[in-house]
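S.K.:
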Amino acid sequence: MSDVVLFGILWVILTILGEIGVSLWGHNMYYYMASTQAIEGNHAAIFLMIFLTPIFMFVVLMLFFVPFRFRAKDGDRKVKAATFKTNRTFISIWVTVSVCVNVLFFIHPTASAAEMMFQEANPANQQNTLIVDVVARQWQWYFSYPQYGVTNTVNANGFNDLYLPVGRKVEFVLRSYDPNHTYDPNLDVVHDLWIPAFGIKEDVIPGETRFMYVTPNVITSFEKNPMVRVQCAEVCGPGHPYMWAPVHVVSSSNFATWIAQQKKQNG
Amino acid sequence: MSTLELRPDISPVPQVVKSKRMPPVIRGILWSAIGFLVINTLISYVLDPRYGHPFITQVSITFGWFAAMVGWVLGVGAWEGAVLPAFGHHGTLYTAPGWKRFFEYSTEHKVIGLQYIGSSAGGFFIAGLAAMLMRLELMNNSMWLFNYPQQYLTTVGIHGTIMMFSVGTVALVGGLGNYLVPLMIGSNTSAFPRMSGISVLLVPFGIVTVALSPLLGYWSTGWRGYEPLASQDPSGILFYYLGVFALTLSSLLVSINLTATVIFKRAPGMTWGRLPMFAWGITTVSLLNIIWLPEIQLTFVMSLVNRLVPLPLFTATGSPLTYMELFWLFGHPEVYIVVVPALALWQEIIPVMTRKPLFARQWGVIGLIFVMMLSGFVWAHHMFTNMRNVEMMPFSFFTEMISIPTGFAYLVALGTLWRGRLKFNTVSLLVLMSMFNFLIGGMTGVFLADPIINLQAHDTFFVVGHFHYTIIGGMVFSWLAAMYYWLPKMSGRMYNERLGKIGAIWIFLAFNLTFSQFFLLGLHGMNRWVSVYPSYLQPMNFETSIFAFLLGLGFLFHLVHIWWAWRAGQKAEGNPWESKSVEWITASPPAEESFPVIPRIVSSTYTYDNDEPAVIIPSDGKRVATTS
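So the protein sequences, as listed, match chains R and P.
In this text, residue positions in the first sequence follow the working numbering: the first is 19, and each later residue adds one.
In this text, residue positions in the second sequence follow the working numbering: the first is 523, and each later residue adds one.
Here you go:
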């Protein structure tokens, strides 16, 4: 019995330490967050960590407890191993807990967070959404703003550039083809639009139009943090690592200025 | 139920014709080259000449490769061993003495098992070298080792393909399964020994094919061969399809053989209720192989034809998603193919080491079977970034639920460890380490099963860390534990306990320090398949690489140690672990005929609560009829 008590005490202590660790470190898991979706994902991850910590500590403690406490000493044949083959209480608790924890995880955060994501995509919820047309080709990102009549935004060096106003939902319309060689519709491959600081990515698939919704919530830029960049995340050939573009999240007035400037460039 | 009667048929009286005989491997290479040259020339010059008359075309090399495979298999000995007997000739089956046995066609399951283990180990170190090159490149955030990203991506592809199809799928099933399952169930042979002799020859052929793929041109898809990128790639991708075909064919034949062996070859008294956990693991994993390997083979054949004709099946006018669905339909069961035998190994080894009966055995079996069944319902969690929203929930649900039966492996293992008398040696240390690593692999999987988190972590080093924790941490650590555990059985010799423990701690630290940082790199914005990355990620990549090199050296250390112990280790006792399992009543190493008299199993082999033997050898010295 003393083994059970000792194990129980150690388990509680380790779980408390683990939970302290989660509360201190958990919000840093995403390193840098600049969208409501990233915060959403981080909350989901913290919830999982809170419930997984006692389970993790239980197994890890057991893996250390056993060799220290139940180790056969050399030549000591007097102490016999226990002989039980089953333990109805332990098995019932184990099965019940593992079913309950997994069902819980499916309801929250999995289904609840997914429901919020699906609501973002609901056509009824697109009153003030900024539409950004994204074309991925090997190996470049093109951004256009059809609501403002601006196509293929570039910076002063001619490098593709993405500006977004803070606090406004963005609908990325994702297509994969080569706009410079439209005579062959089969030229391009699967890409993936990922903005690490936004905590979300979507594949861009030839022959399909796909959508990604994100709401930037901090004024920031690639110059401030390199995670604020568009990065292709699906292997697409030798140019894959070079297929990136800087992102700038700006105030709505700065966004208007930038759009006007792009319009001038577009001619 | 006949077991011994089959023997004379399959191995006729050996006629050793030493002087006139070409070494089988050399003859295999020769026949392989002849087959390739004949068929390749026929196609590229006669049947399907192309403009400019190139000697090698994509079509000619595909058919030439098949001819080379047939030539290799026949040349090594399948001609005398399998083909001639099928036509009624008594082929001359040579049996070479000593180590040469392992370099010829054999129908003996123990030789075949060791051939598989050797081939897998070869694949492991070839693909491991590729991993070292990748980590070397990633020490700097610019191209400095490779000249062109395709070279890096080809290295990634070779690493992944050889590791998955010649190590992960093969080492525990074709290797330990072939060696141990017949011994564990008290049989002298596997069910289809001739086929088994052929299947093992496909492994080195497949490994060499994939490793030589750069000869045809670099390819960039990694081990998944995503379309339409694959159809645009240089022709090196052909050797990916063909090499994988040989390797998966090998695993498919192994699975058919071992399933039949477990069903039909059990000794009297070896009921399903007494079947060892490892045999259960091999049975479930074989069923997975039989269901899913033909599926991926047909997918790759379709991709190959799509490329050769060419067809637009997976382009913008076709459907790129269809390829992904077909790939992952196999791809996720594949990871359970890798890990289920490892879970079974824990349950096999722990009762012996703790001197305690296996805890909650039926839950262990239920776990293995439900993992097998559920693994076909989870594939699309690899596709949260490209599936329709409405499809997410069921896959997320089943992915989370599969952790329940997987957890039963822990239930059984921990229940058996509790209040046992643990022999704390290299074997049990490696099993405990494997449980620790796989726990981290499994728990990070819970995060990945959640779409909102998956959309951040997918296609990043977080995922790379996750699956290396399950595959290296779960499977390779268990493989090493099994090699040390059965080393006295296979070689008759014992490893050095101190060196074994040093090696175990070495790889445990190096492994965890390498791959735990993969999680952080991924979350910090490191995507996969990049040889060039933003400079802020360089410091962590640099130190990760150093730990990765230490891990590679650690595995080499184990290789050398096992090799040394095999040749020159201390002579081991017949049953050093005092196991009750059937395989330990044979000689160590077992003779060609493992059981001169077929044993009778009288109780579960995990009954360490009493001193009664679980296996008896019938005293009348004859085979016994099946007893009730």
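All C-beta atoms in this analysis are idealised placements derived from N, C-alpha and C, irrespective of residue type, glycine included.
With a 10 Å radius around its C-beta and 16 neighbouring C-beta atoms as the bar for buried, classify R/Glu-133 as buried or exposed.
M.R.: R/Glu-133 should be labelled exposed.
S.K.: Could one say the Cβ of P/Asp-1133 lies closer than 8 angstroms to chain R's Cβ atoms, at least one of them?
M.R.: It does not: the Cβ of P/Asp-1133 has no partner Cβ on chain R nearer than 8 angstroms.
S.K.: Could you check which residue in P/Gly-898, P/Pro-863 and P/Arg-829 has the C-alpha nearest to that of P/Phe-849?
M.R.: Checked all of P/Gly-898, P/Pro-863 and P/Arg-829; the closest Cα to P/Phe-849 is P/Gly-898.
S.K.: Could you tell me which residues DSSP pairs with R/Glu-189 in its beta bridges?
M.R.: R/Glu-189 is bridged to R/Ile-149 and R/Tyr-231.
S.K.: Beta-carbon within less than 6 angstroms of P/Ile-962's beta-carbon, same chain only, minus the 5 sequence neighbours each way: which residues are those?
M.R.: For P/Ile-962, where only same-chain residues beyond five positions count, the Cβ hits under 6 angstroms are Tyr-991.
S.K.: Taking P/Asn-1049 and R/Ala-251 to be in contact with their CB atoms under 8 angstroms, please state how far apart those CB atoms are, rounded to whole angstroms.
M.R.: Contact holds; Cβ gap of about 5 angstroms.
S.K.: Report the rounded CA-to-CA distance for P/Thr-1148 versus P/Ser-709, giving the unit in angstroms.
M.R.: With a pLDDT of only 43 at P/Thr-1148, under 50, the local geometry of the prediction cannot be trusted, and no value is derived from it.
S.K.: Can you give the Cα-Cα distance for P/Phe-919 and P/Val-900, rounded to whole angstroms?
M.R.: Distance between the alpha carbons of P/Phe-919 and P/Val-900: 8 angstroms.
S.K.: How far does the alpha helix (DSSP H) with R/Asp-21 in it reach, from first residue to last?
M.R.: Here the alpha helix (DSSP H) through R/Asp-21 covers 20–43.
S.K.: CB P/Thr-806 to CB P/Val-862, shorter than 8 angstroms?
M.R.: In contact: P/Thr-806 and P/Val-862 (Cβ atoms closer than 8 angstroms).
S.K.: At 7 angstroms on the CB atoms, spell out the chain R contacts of P/His-980, in chain order.
M.R.: The answer, in chain order, is Lys-219.
S.K.: Applying a beta-carbon distance threshold of less than 7 angstroms, which residues of chain R neighbour P/Arg-1020?
M.R.: What P/Arg-1020 touches in chain R: nothing, since even the nearest Cβ is about 14 angstroms away.
S.K.: Give every residue of the same chain whose Cβ lies closer than 8 angstroms to the Cβ of P/Arg-943, excluding the five residues on either side of it in the sequence, and list them in chain order.
M.R.: Around P/Arg-943: Thr-876, Arg-877 and Lys-878.
S.K.: So, for R/Arg-193: in the same chain, excluding its five sequence neighbours on each side, which residues have a beta-carbon less than 6 angstroms away from its beta-carbon?
M.R.: Closer than 6 angstroms at Cβ, skipping near neighbours: Val-153 and Thr-227.
S.K.: Checking contacts by CB at 8 angstroms: is R/Asp-210 closer than that to chain P?
M.R.: So, interface residue.
S.K.: Which stretch, first to last residue, makes up the beta strand (DSSP E) that contains R/His-209?
M.R.: Unbroken beta strand (DSSP E) run through R/His-209: 209–213.
S.K.: Give the range of the beta strand (DSSP E) segment to which P/Asn-829 is assigned.
M.R.: Checking the displayed sequence, the identity of residue 829 of chain P turns out to be Arg instead of Asn. Unbroken run through P/Arg-829 is the alpha helix (DSSP H), 799–830; no beta strand (DSSP E).
S.K.: For P/Glu-1095, count the other beta carbons within 10 Å of its own beta carbon; 16 or more makes it buried, fewer makes it exposed. Which is it?
M.R.: Classification for P/Glu-1095: exposed.
S.K.: What span of residues does the beta strand (DSSP E) with R/Lys-219 cover, start to end?
M.R.: 218–222 is the span of the beta strand (DSSP E), which, as asked, contains R/Lys-219.
S.K.: Out of P/Gly-765, P/Phe-687 and P/Asn-908, which has the shortest C-alpha to C-alpha gap to P/Ala-590?
M.R.: It is P/Gly-765.
S.K.: Any beta carbon of chain R sitting closer than 8 angstroms to that of P/Gly-942?
M.R.: So, interface residue.
S.K.: Which one of P/Leu-1009, P/Gly-728, P/Gln-1092 and P/Ile-1068 has the shortest CA to CA distance from P/His-1080?
M.R.: Closest option to P/His-1080, Cα to Cα, is P/Leu-1009.
S.K.: Within a Cβ cutoff of 6 angstroms, which residues of the same chain sit near P/Arg-549, ignoring the five residues on either side of it in sequence?
M.R.: Here the set comprises Gly-597.
S.K.: Three-state secondary structure (DSSP) at R/Arg-89?
M.R.: In the structure shown, R/Arg-89 sits in a strand (DSSP, three-state: E or B).
S.K.: With a threshold of 16 other CB atoms inside 10 Å of the CB of P/Asp-570, please say whether the residue is buried or exposed.
M.R.: It counts as exposed.
S.K.: Short of 7 angstroms Cβ to Cβ, which residues in the stretch 60–88 of chain R face chain P?
M.R.: Hits within the stretch, in order: Ala-62, Ala-63, Leu-66, Leu-70, Phe-74, Val-77, Val-78, Met-80, Leu-81, Val-84, Pro-85 and Phe-88.
S.K.: Tell me, please, which residues DSSP counts as bridged to P/Lys-1093.
M.R.: Paired residues: P/Arg-1015.
S.K.: Any residues in the stretch 238–260 of chain R with a beta carbon nearer than 8 angstroms to a beta carbon of chain P? Which ones, in chain order?
M.R.: Under the 8 angstroms Cβ criterion, the stretch 238–260 of chain R contributes Pro-244, Met-245, Arg-247, Gln-249, Cys-250, Ala-251, Glu-252, Val-253, Cys-254, Gly-255, Pro-256, Gly-257, His-258, Pro-259 and Tyr-260.
S.K.: Leaving aside the five residues before and after R/Phe-65 along the sequence, list all residues of the same chain whose C-beta is less than 8 angstroms from its C-beta, in chain order.
M.R.: Taken in chain order, the residues that qualify are His-126 and Pro-127.
S.K.: Helix, strand or coil: which one does DSSP assign to P/Trp-794?
M.R.: In the structure shown, P/Trp-794 sits in coil (DSSP, three-state: anything other than H, G, I, E or B).
S.K.: Using a C-beta to C-beta distance shorter than 7 angstroms, which residues of chain R count as neighbours of P/Leu-655?
M.R.: None at all; the shortest Cβ gap to chain R is about 17 angstroms.
S.K.: Work out the CA separation of P/Glu-1065 and P/His-1046 for me, nearest whole Å.
M.R.: Computed Cα separation, rounded: 15 angstroms.
S.K.: May I ask you to list the residues that DSSP assigns as paired with R/Cys-250?
M.R.: Bridge partners of R/Cys-250: R/Leu-211.
S.K.: Compare the Cα-Cα distances from R/Gly-39 to each of R/Met-75, R/Phe-190, R/Phe-82 and R/Pro-203 and report the closest residue.
M.R.: Answer by Cα proximity: R/Met-75.
S.K.: According to DSSP, is P/Ala-752 part of a helix, a strand, or is it coil?
M.R.: Three-state DSSP puts P/Ala-752 in a helix.
S.K.: Go ahead and pull the three-state DSSP assignment for P/Asn-1049.
M.R.: In the structure shown, P/Asn-1049 sits in a strand (DSSP, three-state: E or B).
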